[in-house]
Amino acid sequence: MAKNVDEEAQDVQRKVFKIIVIGDSDVGKTCLTYRFCAGKFPDKTEATIGVDFRERTVDIDGELIKLQLWDTAGQERFRKSMVPHYYRNVHAVVFTYDVTKLASFQGLPMWLEECDQHSLNASVPRILVGNKCDLTNQVQVETNIAQRFADAHSMPLFETSAKEDKECDNVEAIFLTLAHKLKCQKPMMTQDYPKMNRATVLSVDKEVLRTQSEGTCGC
Amino acid sequence: MLLEPSKAKAKLKEVNKALNKNPVDVAALRKLCISPGGLICSEARQKVWPHLLDVAESKIGYPQDLRRHKECRQVILDVDRSGKRFPDGLSDVEKEELQENLTDLILGVLTIHPELHYYQGYHDICITFLLVCGAEASLAMVEKISTHHLRDFMDPTMDSTTHILNYLIPILKMANPKLVEYMEKSEVGTIFALSWLITWYSYVVPDQRDIERLYDFFLSCHPLMPVYFAAQIVLDNADKILDGPCEMARIYQLLLQIARKPNLPLEILIQRSSDFYIQFPPSSLAHDAAEFYKNNLAISTFCDHALVAKHEAPDVVLKRMGLVEVKKEENEESPTEGSWKRASKTVAIALSGAVGAALLAVGGRAAEWVPQLFGYL
C-alpha cells in the first residue's frame, strides 16, 4: 500500500497533480476526499461552500506524488461562476454521484458538458465514482447502468463508500489508481479495467499493491 | 477576547441604558457593538440586534406552504448537514426542532422574497440568528439582512459576489503591495475568502461566541465590512504567505486553515478593519476592484462609486438606471465618464451589485453610519 510521507522530512522534488472533484450537492465529494486525505470519515458533515482543498503525498513506486484534491460545492450557482477558476491546469477530474440518488447520476451529463466547456485536454484522465454504496437497500443506480455510462464516456467506474471503514481501501484504490495513471500519463480507458464494477474494484487495489511491490508501473 | 468581568458588566450597563432610551439609542448600540467584546453575551444580542436592523417593532409572520418552495430540496440537504453548528448537548428532539425552524426560516424569507435565491452558506447565517434570537424574532431580522447586507449574494448568479470579493485586492494593495503582487503571481484568486464573506465567517470560525461577536460588528457596519475583515486576516498572515513557494495551492490552503483556527485575534482584526474602512472607504476602492479582474469580469463597479459618494437611495438609482440607454461604442469610455452607460446586458447584474454593496441604509439611516464610525474611533 502506498504510504503517507512526512513531507517535512523529505527534501525531494515531487510531482504534483491537481485533481478536481465534482458532482451534485450531497453526493459525498467532501467525505471522499477527506477519507483519502485524513484516513477517516468526518465526524460531522456539512455543505461545502466555495472550494475546499485537501492534499496527500503518496509514494508510488518509490516516487513521491503529491495529490491536490480540490473539493467543490455542488450547488449550481457555485459551479457556474466559482468552479471554472479551478479547472485551470487540472490533471484529472473525479465525477461523483450518489448511488442512492438517481438525480445525481442523471446530472452527470451536465457536469461532463461543463468539463468539456472548460476545454480540458482529452488526455486529462476522468473517473466516475458512485458513492454511498453502503446503503445497499436504497440503491437507485444499478452498477450495470453506471458502467454503461462510464464506458460511453471512456471512464473507469468505481463504486465505493466513503463512510464504511471496510471500504477504506477501496477509496484508497481509486485515488492511487489515478496517481498511477497520472504518473505514467497513458490514456486511461475502461478497457484497462474490463471488469470494473463494484465486485472487482478490489482487484484494482491488488493491482496497485502488486505494481508497487514489483517496483514497476502497471498502467 | 473576553472582557474583564468588571468591564463586561459596565458595558452591559451601557447597552441597557441605550436600550431604555426613548427612542432607543441605536447609534450608541452600534458603537458598543464595534468596540472590544461587542455585546458581550447572547442575551444582550437578542435585545439589541433587532434594533440594529430596525425590525424591533416588526410583526411579520411565517408564510404558508413553505415546503413547496422550489429551493426546498437543496435547503433540506444543507440543513440536514448543519449539525456542526448546533450547540453541544442538544437532544435529538431539540436538534430536530432546530432543523425544522432553520428550514422554515430560510424558506420563509425566500417565499416572502421570490427575487432572492438561496445559496449554500445562507443557512449558516440563519443558524446564527436562530441560536441567538429564536425562530419568531429571526424572521424579520434575516429578512432585513437578506434584502440589504446579503442581497448581492442572493442574485440568480454569483457574479455580484465575485465582484464584491474583488474589493479584497485594492484593500490589500493599500497596505502591502508586495503581498498582492505575490498573490497575483500565484494565481490564488480571491475565492478562498468566498465562504468567509457569504457566511459572515460562520462557516469557518469554530466558536459560536466568536461568530456572534463578529455579527455584532457586521450588523453595525457597511455591508462591505466582511471584505475589509478578510483583508485583515490576509494581512495579518502576510509573512506566512510570502515565506514559501509562490503556489496557488499552498497559499489557498494556508488561508483556509488560518481562518479556521480557534485563536483568530478577532478584536485586533475588527479594530484594523474599522481603521481601514475609514482610511480607504469603498468609494476609493471601486475602480481598482473592477480593474483587478477586468479581463474576466464584465461587470464594472460604476454605480458603487456614485452610490457611496452620494449615499443615494437604491430606488433613485433604479429609476436612473431604467432611463439609461446604452450604445455599444460607449463601452470604450473611461470608467467615470461612461459609468452610467455600460452595456445593457450587465446593467441588471451590476445594479443589484451596486445596491447591496454600496447601500449603507438599514432602515433609512444610511447617512448616519459613516460619521458615527468616525466619531467613535
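Chains as they are written, first to last, in this note's numbering: chain A, 1 to 219; chain B, 1001 to 1377.
The beta-carbon is built from N, C-alpha and C at its ideal position, and this holds for glycine as well.
Residue i by DSSP, collapsed to three states: which one?
| i | result |
| --- | --- |
| B:Leu1002 | coil |
| A:Val129 | strand |
| B:Gly1108 | helix |
| B:Thr1147 | helix |
| A:Thr160 | coil |
| A:Glu142 | coil |
| B:Lys1017 | helix |
| A:Thr96 | strand |
| A:Val51 | strand |
| B:Thr1161 | helix |
| A:Lys18 | strand |
| B:Gly1038 | coil |
| B:Leu1224 | coil |
| B:Gln1271 | helix |
| B:Leu1285 | helix |
| A:Gln68 | strand |
| A:Glu63 | strand |
| B:Thr1199 | coil |
| A:Thr136 | helix |
| B:Arg1073 | helix |
| B:Val1055 | coil |
Identify the contact partners of residue i in chain A, using a Cβ-Cβ distance below 8 Å as the criterion.
| i | result |
| --- | --- |
| B:Met1158 | Arg77, Phe78, Lys80, Ser81, Met82 |
| B:Gln1253 | Phe53, Glu55 |
Who are the neighbours of residue i on chain A, taking C-beta pairs under 9 Å?
| i | result |
| --- | --- |
| B:Thr1162 | Ser81, Met82 |
| B:Ile1198 | Ile49, Gly50 |
| B:Leu1168 | Per Cβ cutoff of 9 Å: no residues; B:Leu1168 is ~14 Å from chain A at best. |
| B:Gln1064 | Under the 9 Å cutoff, chain A gives no residues; its nearest Cβ is about 26 Å from B:Gln1064. |
| B:Arg1081 | Asp26, Lys44, Thr45, Glu46, Ala47 |
Measuring CB to CB, does residue i end up less than 7 Å from residue j?
| i | j | result |
| --- | --- | --- |
| B:Thr1128 | B:Tyr1215 | yes |
| A:Lys273 | A:Ser161 | Given a span of 1 to 219 for chain A in the structure shown, any question on residue 273 of chain A remains unanswerable. |
| A:Asp71 | A:Thr48 | yes |
| B:Arg1378 | B:Leu1039 | Since the first residue shown for chain B is 1001 and the last is 1377, residue 1378 of chain B is missing from the structure and cannot be characterised. |
| B:Ser1058 | B:Ala1135 | no |
| A:Met82 | B:Ile1169 | no |
| B:Ser1220 | B:Val1132 | no |
| A:Ile65 | A:Ala179 | yes |
| B:Ala1193 | B:Ala1230 | yes |
| B:Leu1150 | B:Leu1107 | no |
| B:Glu1071 | B:Leu1110 | yes |
| A:Leu102 | A:Val139 | no |
| B:Ile1258 | B:Val1188 | no |
| A:Gln75 | A:Ser25 | yes |
| B:Leu1224 | B:Pro1282 | yes |
| B:His1123 | B:Asp1078 | yes |
| A:Ile127 | A:Met155 | yes |
| B:Ala1238 | B:Asn1176 | yes |
| B:Cys1126 | B:Leu1105 | yes |
Quick check on residue i - is its C-beta less than 7 Å from some C-beta in chain A?
| i | result |
| --- | --- |
| B:Asp1207 | no |
| B:Ala1231 | no |
| B:Leu1077 | yes |
| B:Ala1028 | no |
| B:Ile1125 | no |
| B:Ile1191 | yes |
| B:Arg1073 | no |
| B:Lys1009 | no |
Name the chain A residues whose beta carbon is nearer than 7 Å to that of residue i?
| i | result |
| --- | --- |
| B:Lys1084 | Lys44, Glu46 |
| B:Ser1195 | Ile49, Gly50 |
| B:Tyr1203 | Ile49 |
Step through the CB atoms of chain B and report whether any lies within less than 7 Å of the CB of residue i.
| i | result |
| --- | --- |
| A:Phe53 | yes |
| A:His85 | yes |
| A:Asp26 | yes |
| A:Ala122 | no |
Just the chain D side, please: which residues come within less than 7 Å of residue i by C-beta, in chain order?
| i | result |
| --- | --- |
| B:Tyr1215 | Structure shown: chain D not included; protein chains present are A and B. |
Can you pull the chain B residues whose beta carbon is under 7 Å from the beta carbon of residue i, in chain order?
| i | result |
| --- | --- |
| A:Ala73 | Gln1120 |
Identify the contact partners of residue i in chain B, using a Cβ-Cβ distance below 8 Å as the criterion.
| i | result |
| --- | --- |
| A:Gln185 | Here the premise fails: no neighbours, minimum Cβ distance about 20 Å. |
| A:Gln68 | Ala1249 |
Would you say residue i touches the ligand MN, meaning its beta carbon is less than 6 Å from a heavy atom?
| i | result |
| --- | --- |
| A:Val16 | This structure lacks the ligand MN, and indeed carries no ligand of any kind. |
Q) According to a CB-to-CB cut-off of less than 8 Å, which residues of the segment 28 to 47 of chain A neighbour chain B? A) For the segment 28 to 47 of chain A, the set of residues with a beta-carbon nearer than 8 Å to any beta-carbon of chain B comprises Lys44, Thr45, Glu46, Ala47, in chain order.
Q: Check each residue of the segment 147 to 164 of chain A: if its Cβ is closer than 9 Å to any Cβ of chain B, include it; give the result in chain order.
A: Here the close residues number zero.
Q: Using a Cβ-Cβ cut-off of less than 7 Å, give me the residues of the segment 98 to 122 of chain A that come near chain B, in sequence order.
A: Residues: none.
Q.
Taking beta-carbon pairs under 8 Å, can you tell me which members of the segment 1250 to 1283 of chain B lie near chain A?
A. Answer in chain order: Tyr1252, Gln1253, Leu1256.
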